[in-house]
Amino acid sequence: MPEKPTLDGLESKWMQAWDEAGTYSFDRSATRENVFSIDTPPPTVSGSLHVGHVFSYTHIDCVARYQRMNGKSVFYPMGWDDNGLPTERRVQNYFGVRCDPSLPYDPNFAPPAEPGKDQLPISRRNFVELCVQLTIEDEKAFEELWRRLGTSVDWKLTYQTIDARARSVSQRMFLNNLERNEAYQSEAPTLWDVTFRTAVAQAELEDRERPGAYHRISFHKPDGEPIFIETTRPELLPACVALVAHPDDDRYKPLFGTTVTSPIFGVEVPVVAHTLADPEKGSGIAMICTFGDTTDVTWWRELQLPTRPIIGWDGRIISEIPDWISGELGQNAYSAIAGLTAHSAKEKMAELLKESGDLHGEIRAIVHPVKFFEKGDKPLEIVTTRQWYIRNGGRDAPLRTELVDRGRSIKWHPDHMKVRYENWVEGLNGDWLISRQRFFGVPVPVWYGLAADGNPMWDKILVPDVAALPIDPSTDVPAGYTEAQRGVPGGFMGDPDVMDTWATSSLTPQIAGGWGFDEDLWSRVWPFDVRPQAHEIIRTWLFSTVVRAHLEEKVLPWKHALISGWILDPDRKKMSKSKGNVVTPLDLLDEHGSDGVRYWAASGRPGTDTAFDVGQMKIGRRLATKILNASKFVLTQGSAAPEAITEPIDKALLAALADVVDEATKAFEAFNYTKAMEAAEKFFWEFTDDHLELVKDRSYGLAGEVAAQSARAALTITLDTLIKLFAPFLPFVTEEVWSWTHEESVHKSPWPTSEALRAFNGDSSLLGVSGEILLQLRKSKSEAKVSMKAEITKATISAPAQVLAKAKLVAADLKTAGRVQSDFTYAEAAGQISLAIELAPTSES
RNA sequence: GGGCGCUUAGCUCAGUUGGCUAGAGCAUCUCGUUUACACCGAGAGGGUCAGGGGUUCGAGUCCCUUAGCGCCCA
1 MPEKPTLDGL ESKWMQAWDE AGTYSFDRSA TRENVFSIDT PPPTVSGSLH
51 VGHVFSYTHI DCVARYQRMN GKSVFYPMGW DDNGLPTERR VQNYFGVRCD
101 PSLPYDPNFA PPAEPGKDQL PISRRNFVEL CVQLTIEDEK AFEELWRRLG
151 TSVDWKLTYQ TIDARARSVS QRMFLNNLER NEAYQSEAPT LWDVTFRTAV
201 AQAELEDRER PGAYHRISFH KPDGEPIFIE TTRPELLPAC VALVAHPDDD
251 RYKPLFGTTV TSPIFGVEVP VVAHTLADPE KGSGIAMICT FGDTTDVTWW
301 RELQLPTRPI IGWDGRIISE IPDWISGELG QNAYSAIAGL TAHSAKEKMA
351 ELLKESGDLH GEIRAIVHPV KFFEKGDKPL EIVTTRQWYI RNGGRDAPLR
401 TELVDRGRSI KWHPDHMKVR YENWVEGLNG DWLISRQRFF GVPVPVWYGL
451 AADGNPMWDK ILVPDVAALP IDPSTDVPAG YTEAQRGVPG GFMGDPDVMD
501 TWATSSLTPQ IAGGWGFDED LWSRVWPFDV RPQAHEIIRT WLFSTVVRAH
551 LEEKVLPWKH ALISGWILDP DRKKMSKSKG NVVTPLDLLD EHGSDGVRYW
601 AASGRPGTDT AFDVGQMKIG RRLATKILNA SKFVLTQGSA APEAITEPID
651 KALLAALADV VDEATKAFEA FNYTKAMEAA EKFFWEFTDD HLELVKDRSY
701 GLAGEVAAQS ARAALTITLD TLIKLFAPFL PFVTEEVWSW THEESVHKSP
751 WPTSEALRAF NGDSSLLGVS GEILLQLRKS KSEAKVSMKA EITKATISAP
801 AQVLAKAKLV AADLKTAGRV QSDFTYAEAA GQISLAIELA PTSES
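Note that the numbering used here has the first sequence beginning at 1, numbered continuously upward.
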């Protein structure tokens, strides 16, 4: 035991010791009922480290540490989510390169020392190599933070969502889905990000309020009479396929079944009826285009309208003049907007309409919700492409019902988070689009046969042998073919796409748990006990994981979902980089200590958004310091056998402690780590402030050896128990204190139980009586503005007889602790305890 | 527009099935160097539990309603 204990240096000391001793190693001889398995979020390593990480990972770590002490073999792997768009973006900026899949691989390629002004085009394989290289660096920084924070992860179990095992699991699961017809391809209108030139899924969408403008435009009836529509997208006029109004709208009823002609382009389009047309909106009649928004897609599908696409994959107006525009005027107008971005085309179109006299009144500015890719910064377009989908109930009511039921049978912490899941599943409007036209991801593991004319036969899907996984169809060759047949008529071609990141990270339990490659491990961990995560990814990560487990095995992937809240800055806004209020987590850990920061994090209950508060971290650090000092005191007193405990107040302490143990245990079983910590903390401060002060002199031996032994034995038991109760939250200081008297780690010691403590038959109400008397003794000195050491000549305790009887049991300790010179006198009285106190005259008075 | 959550002391938050004379920490004020701890200790002040209505012997807690904040979904 150090002379002057300190928190400084505990992190590095114990990080290393735990690593060397394998303290957190998963014991894979344990069978399923003795395992606690955690499917923890693989963080996106290309993002920056922030306090949100520290926050939520502390929560599950507290639970993991409790379960470990509770006798479970804890399966707690860490993964890194490195595949996907964020990494591609980071590599582009970091190295100044971009992926051009048409280029050949350059084995001698080295990235420029400094990113140039223009991004250097490189082959896909070179690009992927850089992605892998950079993520390995990023992962080191992440691991360092996690270790520093004291997460009790088994680092031997780490995986990456791009590593060979993950790719293999992901591809194998996809092939299973394909075989069961749960994965399918479809040529369909798709939400498309023009910047990244990839399809995006419903789960990746977000609505953003954007300025727009209503343009009032006249179409023309056969008799030349105008009919007015209002649109925010006049540039799509050449893509118009019909006008639509509500079937009950008397203004337009006579027009249904007739045709009108579009201005400038002179294209004849039908007027149709559909209930989705809103009579209140604009003029009540709208143009349907290929495709302005998802409602256009619905109309197009349900009314079986033609397809007239004019927006290309790059978000610009397609250059070639469409064949449905025949007149010279229309063709010239189209040429004027061809090649422009949607934004520029809109302005040009407005000009042209003004010239032709078909733009009426003022352009009316509005603000309206526009769909964006959550990682993108241009509005999504809708283009028709061939994509892969996985069924998720989005267009299949029975499956949807099954998935809603699955969600309901998860034990959510807090419970109300389940509605997020239900809202999402019930609002799905299509299957899960999993193919992405990107590069750094798990390839869609199929090839297609090429017809004699060289065109792909999309329905002639060539699948790899499971034993060959993972594969890359752009370099691997399907069975029965040779590389020479790639891209030639009668040969084959690889699917050029990769899968959505979520298509792989929805399989983290399978990847970490050994599905398909370590059946022994799988049988010990599956289904997992808990999925900890933040609420904003319930619709993505949580839901997609449920989908995959349901499709594969008709089971839930885990029993519990532990949902963390967000970190809010002091203005109650979500912490974000753009606001410049993100704090570097390592600096925080340096300044307040890992235990201090963990204390703050653990004070945020499941699902509750929590203010970023260094004050709480300071309190946590103070608690850790207090634990050091109180432990030093208790352990310096020496110990004694439990049988030595004879004093009623010592037994009372243990009885109260038993209640705390039960409370903390019950809270942990309900995943309420905050409540468990608060119970321990409240008791600890009462213990140090009152009980230690009360029994200190007796413990020194001032009342004889028998009474001293009773105090010491009770103090030791209490301290040991408290250290264990704090261990899940403050792993460093508790380990330090524990190590003074134990060989084995506190983190592998058994969680305390209350039975042994209750066996002393203490009466915990004694603590309340002694505490109240102690308070009044102190108060009398405080009000007299004298030292706590000042002597009291006489004190009379007034209380009901029952209470007086209890007071007498503690009188000896109270007398010495309060520096009362003569024995207490007692007066029976109804009501609260009250004291009449006479202070010894001080030298000044 | 639909849904979920929140609103309790200056601040951050507890408050179980209604029993509360509403708690804690921080901050504030006063006092105290006491051999575990000055990164300390002791004591004190501070609240119409967002507003309104209802149920009940009794409401911070249950019901209705209004307002504000946050989030999810459309």
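The beta-carbon is built from N, C-alpha and C at its ideal position, and this holds for glycine as well.
These numbers come from a predicted model, not from an experiment.
Three-state secondary structure (DSSP) at Ile382? strand
I'd like to check one pair, Leu715 with Val634: are the Cβ atoms closer than 8 Å? Yes, the pair counts as a contact, with Cβ atoms nearer than the cut-off.
If distances are taken between C-alpha atoms only, which option among Arg712, Glu681, Val63 and Thr482 comes closest to Leu694? When each option's Cα is compared against that of Leu694, the closest is Arg712.
So what does DSSP say about Lys185, is it helix, strand or coil? Checking the sequence, you will find Gln at residue 185 rather than Lys. Residue state, collapsed to three classes: strand.
How do the stretch 615-634 and the stretch 718-728 stand: do at least 3 beta-carbon pairs fall below 8 Å, yes or no? yes
Delimiting residues of the alpha helix (DSSP H) encompassing Ala365: Ala365 -> not in any alpha helix (DSSP H); beta strand (DSSP E) instead, spanning Leu359 to Phe373.
Check whether the Cβ atoms of Leu352 and Ala336 lie closer than 8 Å to each other. yes
Top-ranked residue by Cα proximity to Leu767, from Lys460, Ile38, Gly454 and Pro648: For the residues Lys460, Ile38, Gly454 and Pro648, the minimum Cα distance to Leu767 belongs to Pro648.
Where does Arg216 fall in DSSP's three states? strand
At a cut of 8 Å, does the stretch 485-503 reach the stretch 438-451 through at least three beta carbon pairs? Counting Cβ pairs under 8 Å, three or more are found: they touch.
Residue environment, Arg147, which counts as buried when at least 16 other CB atoms sit within 10 Å: buried
For Leu654, which three-state DSSP category applies? helix
Start-to-end residues for the alpha helix (DSSP H) that takes in Ile136: Arg124 to Leu149
Per DSSP, which residues does Arg210 bridge with? Please list them. His368
I think Gly393 touches Leu399, with their Cβ atoms under 8 Å apart; what is that distance to the nearest whole Å? 4 Å
Can Leu49 and Leu145 be called in contact, C-beta distance under 8 Å? yes
On a CA-only basis, which of Pro456, Tyr105, Ile563 and Met499 is nearest Pro489? Give me that one, please. A check of alpha carbon separations from Pro489 across Pro456, Tyr105, Ile563 and Met499 identifies Pro456 as the nearest.
With distance defined between alpha-carbon atoms, name the residue in Ile538, Ala680, Ala817 and Gly330 nearest to Leu702. Ala817
Between the Cα of Val267 and the Cα atoms of Ala21, Pro238 and Val706, which residue gives the shortest distance? Pro238
Going along the chain, which unbroken runs of the beta strand (DSSP E) with 3 or more residues stay wholly within the stretch 232-292? 240-245, 259-261, 268-273 and 285-289
Is the Cβ-Cβ distance between Lys658 and Arg758 less than 8 Å? The sequence given here has Ala at residue 658, not Lys. Contact: yes.
Hey, would you say Val297 sits closer than 8 Å to Ile382, going by beta carbons? Contact: yes.
Using DSSP bridges, identify the partner residues of Leu120. Val97
Sequence-distant residues of the same chain with beta carbon closer than 8 Å to Lys559, five excluded per side: Ile410, Lys411, Pro527, Phe528, Asp529 and Val530
Whole-number beta carbon distance between Leu403 and Val555, since they are thought to touch under 8 Å: About 13 Å separates the two Cβ atoms, so there is no contact after all.
Leaving out five residues on either side along the sequence, give the residues of the same chain with a beta carbon under 8 Å from the beta carbon of Ser25. Asp154 and Lys156
Taking all protein chains shown into account, decide if Ala164 is buried (16 or more other Cβ within 10 angstroms of its Cβ) or exposed. exposed
Assigned exposure category for Leu134 - 16 Cβ within 10 Å defines buried: buried
Are Thr58 and Ala601 closer than 8 Å when you measure CB to CB? yes
Quick check on DSSP: helix, strand or coil for His560? strand
From His742, Pro263, Phe671 and Ser798, residue whose alpha carbon lies closest to that of Tyr66: Phe671
Which residue comes first and which comes last in the alpha helix (DSSP H) that contains Asp813? Residues Ala801 to Ala817.
Applying the 10 Å Cβ sphere with the 16-neighbour rule, what's the burial state of Glu355? Within 10 angstroms of the beta-carbon of Glu355 lie fewer than 16 other beta-carbons, which makes it exposed.
Please return the same chain residues whose Cβ sits closer than 6 Å to the Cβ of Pro478, not counting the five positions on each side in sequence. Trp447, Leu462 and Phe492
Quick check on Val194: does DSSP put it in helix, strand or coil? coil
Taking the continuous beta strand (DSSP E) assigned at Tyr826, which residues delimit it? Thr825 to Glu828
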